[in-house]
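Undergrad:
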Amino acid sequence: MELYSGQINKLIEELAALPGIGSKSAQRLAFHLINMPKERVDRLANVMIEARANVRYCKECY
Numbered sequence: 028m029e030l031y032s033g034q035i036n037k038l039i040e041e042l043a044a045l046p047g048i049g050s051k052s053a054q055r056l057a058f059h060l061i062n063m064p065k066e067r068v069d070r071l072a073n074v075m076i077e078a079r080a081n082v083r084y085c086k087e088c089y
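Here the sequence shown is numbered in this note's numbering, starting from 28 and rising by one per residue.
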């Protein structure tokens with residue numbers, strides 16, 4: 028039995044897949060994100076997308 032709706036469960040699962048984030052922390056983060064103003068969530072999502080697209084590891088370090 029799922030405790031939350033499908034969308035919330037998907038969000039919790041994705042957050043819990045991050046290193047150092049357990050299921051309880053993922054739940055807290057998910058509900059925090061849901062309660063944030065849409066503009067802040069959009070800004071966070073865009074920063075994550077831009078970082079993934081533009082940040083590269085140093086060839087000497089990694």
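Note that beta-carbon positions come from the ideal geometry of N, C-alpha and C, so glycine has one too.
Judging by CA-CA distance, which residue of Ala72, Pro64, Phe58, Val82 is the nearest neighbour of Ser32?
TA: Ser32 has its Cα closest to that of Phe58, out of Ala72, Pro64, Phe58, Val82.
Undergrad: Which of helix, strand or coil does DSSP assign to Gly33?
TA: In the structure shown, Gly33 sits in a helix (DSSP, three-state: H, G or I).
Undergrad: Of all the options Lys65, Met63, Leu42, which has the alpha carbon lying nearest to the alpha carbon of Gln54?
TA: The shortest C-alpha separation from Gln54 is found at Leu42.
Undergrad: Check whether the Cβ atoms of Val68 and Leu60 lie closer than 8 Å to each other.
TA: Closer than 8 Å, so yes.
Undergrad: From what residue to what residue does the alpha helix (DSSP H) around Ile61 run?
TA: Element bounds for Ile61: 50-62.
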